[in-house]
Each structure stands twice: as C-alpha cells, then as structure tokens.
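Residue numbering for the sequence shown is 0 to 68, as defined by numbering that gives the first Met the number 0.
Glycine included, C-beta positions come from ideal geometry on N, C-alpha and C.
This structure is a prediction, so every number in the text was calculated from the model and none was measured.
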Amino acid sequence: MTPPQRKIVLIVFTLFCIVGGSGFIYVGSVLFRNRISIFWIYTAYIITLTGIVIFFGFRLIGIDPTKEK
C-alpha cells in the first residue's frame, strides 16, 4: 500500500471510530438520562476506548508518528 493510500485509509478509519464513539455516547445519554455520574464515567470509558482503538489502528496501518524515516 502506498503512503497516499495509507493516509486515506487512516482518515476513513479515524472518522469511522469517531462516529462510532459518538454513537455509543449518544446511546449512553439515552440509557443514563437520570444518572449523570454514571454517564460521565461511561463517556470517559468510551473516549478512552476510542483513543486506544485509533492508536492501534495507526500501528496496524503502518503510520507511526513517532518513527522517523
């Protein structure tokens, strides 16, 4: 896979993860409407999980921002 193709795949992957995380946060807001403290814990969990998935997606696709060429 060429570097421009990797960038496109990375952008699509990142957008997919952000949209999915936003969807989970929306579902959490509906489920935890009257329990605000549980909703904040759930939101922090989803944001952390989305960040971890994006990080490992970067590594899997092969674009490592810490590695210089």
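- In the structure shown, the three-state DSSP call for threonine 47 is helix.
- Using a C-beta cut-off of 8 Å, the segment 29 to 43 makes no contact with the segment 13 to 20, since fewer than three inter-stretch Cβ pairs fall below that distance.
- The three-state reading of DSSP puts phenylalanine 15 in helix, counting H, G and I together.
- Taking the C-beta atoms as reference points, arginine 5 is found nearer than 8 Å to isoleucine 60.
- The DSSP-derived three-state label of arginine 32 is coil.
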